[in-house]
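Trainee: Sharing a structure, written as structure tokens. Questions coming.
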Amino acid sequence: KQEVTQIPAALSVPEGENLVLNCSFTDSAIYNLQWFRQDPGKGLTSLLLIQSSQREQTSGRLNASLDKSSGRSTLYIAASQPGDSATYLCAVYQTSGSRLTFGEGTQLTVNP
Amino acid sequence: DAEITQSPRHKITETGRQVTLACHQTWNHNNMFWYRQDLGHGLRLIHYSYGVQDTNKGEVSDGYSVSRSNTEDLPLTLESAASSQTSVYFCASSPGTAYNEQFFGPGTRLTVL
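Those protein sequence lines, which keep their order, are chains A and B.
All you need for this note's numbering is the position in the first sequence, starting with 1, plus 736.
All you need for this note's numbering is the position in the second sequence, starting with 1, plus 4.
Spelled out as structure tokens, the structure:
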């Protein structure tokens, strides 16, 4: 059974800091990995999608990497801002069962 | 703009009642999904559909059912609501292959008393 783990569970940083969120998964048989942002009481917003054949994806200040063989992904946020405060979720789309399996998220707080 | 909507956004019901949560998307996506989100468990898949008349059970399908009569809608029915089904429910859709992004609705907060 696929398991997705996100470390740390919570992170608090000062504004302007560069930071890395970690995601690991146990089964490397995946189609893709997706990073989401969730604001309190809101739905999930897709940030980046990395196909299994890709190593990284970039969108603005966000960069996500994927090392499928080791079962790891990182989300790098450059020059963090208070508006980046949210919970960040990673999810893998596995080939068996054709479903997304989510981690429990990292709650990020960026302090002004 | 194309979007995915859920209704109601909040619902309080009593144990044993039948409840239906609506999900509607205007992207013309083939794939639609229902998840529940609970503290300590994250998001878990309830049911999913790859097209009209297609439905499949997910990880936590007991006590839930779905039907897909058109491309745009995938209603989720709780046959006899239980307190354990108090949760936040999210609907999602994706274009049609495993390689596509999933897009999520705003969620429905359901309380079963």
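Ideal Cβ placement from N, Cα and C applies to all residues, glycine included.
Can you tell me the Cα-Cα spacing of E63(B) and G752(A), whole angstroms?
Mentor: By one-based count along the second sequence, residue 63(B) stands at place 59. By one-based count along the first sequence, residue 752(A) stands at place 16. In a straight line, the C-alpha of E63(B) is about 40 Å away from that of G752(A).
Trainee: With distance defined between alpha-carbon atoms, name the residue in F37(B), W31(B) and L43(B) nearest to T90(B).
Mentor: Here residue 90(B) refers to the residue found at position 86 of the second sequence. Here the closest residue by C-alpha is L43(B).
Trainee: Please decide whether H45(B) counts as near chain A, where near means a Cβ-Cβ distance under 9 Å.
Mentor: Mapped onto the second sequence, residue 45(B) falls at position 41. It does; some Cβ of chain A falls within 9 Å.
Trainee: Using a beta-carbon distance below 9 Å, is Q106(B) in contact with chain A?
Mentor: Position 102 of the second sequence, counted from the first residue, corresponds to residue 106(B). So yes, Q106(B) belongs to the interface.
Trainee: Out of L82(B), Q10(B), V70(B) and G55(B), which has the shortest C-alpha to C-alpha gap to S32(B)?
Mentor: Counted from its first residue, the second sequence places residue 32(B) at position 28. Looking at the sequence provided, one finds Asn at residue 32(B) rather than Ser. Nearest C-alpha to N32(B): G55(B).
Trainee: Using a beta-carbon distance below 9 Å, is A765(A) in contact with chain B?
Mentor: One-based indexing of the first sequence puts residue 765(A) at position 29. Not closer than 9 Å to any Cβ of chain B, the Cβ of A765(A) fails to qualify, so no.
Trainee: Return the residue from the list S806(A), N768(A), D775(A) and L780(A) that minimises the CA-CA distance to S788(A).
Mentor: Start at 1 with the first residue of the first sequence, and residue 788(A) comes out as number 52. Of S806(A), N768(A), D775(A) and L780(A), the residue nearest in Cα terms is N768(A).
Trainee: For F761(A), go through chain B and note every residue whose CB falls closer than 9 Å to its CB, in chain order.
Mentor: As a working mapping, residue 761(A) is identified with position 25 in the first sequence. Residues of chain B passing the Cβ test: none, with the nearest at roughly 13 Å.
Trainee: Residues of the region 829-840 of chain A in Cβ contact with chain B at a cutoff of 7 Å, in chain order, please.
Mentor: Residues passing the 7 Å Cβ filter: Y829, S834, R835, L836, F838, G839 and E840.
Trainee: Under 7 Å Cβ-Cβ, which residues of chain B neighbour G796(A)?
Mentor: If you number the first sequence from 1, residue 796(A) lands on position 60. Correct list: empty, because the minimum Cβ distance to chain B is about 17 Å.
Trainee: Excluding sequence positions up to five away, which residues of its chain have a Cβ less than 6 Å from the Cβ of T17(B)?
Mentor: Here residue 17(B) refers to the residue found at position 13 of the second sequence. V23, A85 and V116.
Trainee: Kindly identify the DSSP beta-bridge partner or partners of H33(B).
Mentor: In the second sequence, residue 33(B) corresponds to position 29, counting from 1. Paired residue(s): none; H33(B) is not in a bridge.
Trainee: Please return the same chain residues whose Cβ sits closer than 8 Å to the Cβ of Q73(B), not counting the five positions on each side in sequence.
Mentor: Numbered from its first residue, the second sequence carries residue 73(B) at position 69. Contrary to the premise, residue 73(B) reads as Ser rather than Gln in this sequence. Correct list, in chain order: V56 and Q57.
Trainee: According to DSSP, which residues form a beta bridge with E63(B)?
Mentor: In the second sequence, counting from the first residue as 1, residue 63(B) sits at position 59. DSSP, once it has assigned bridges, lists no residue as partnering E63(B).
Trainee: Under 9 Å, Cβ to Cβ, is there at least one residue of chain A near L49(B)?
Mentor: Against the second sequence, residue 49(B) aligns to sequence position 45. Chain A, which has a Cβ nearer than 9 Å to the Cβ of L49(B), makes this yes.
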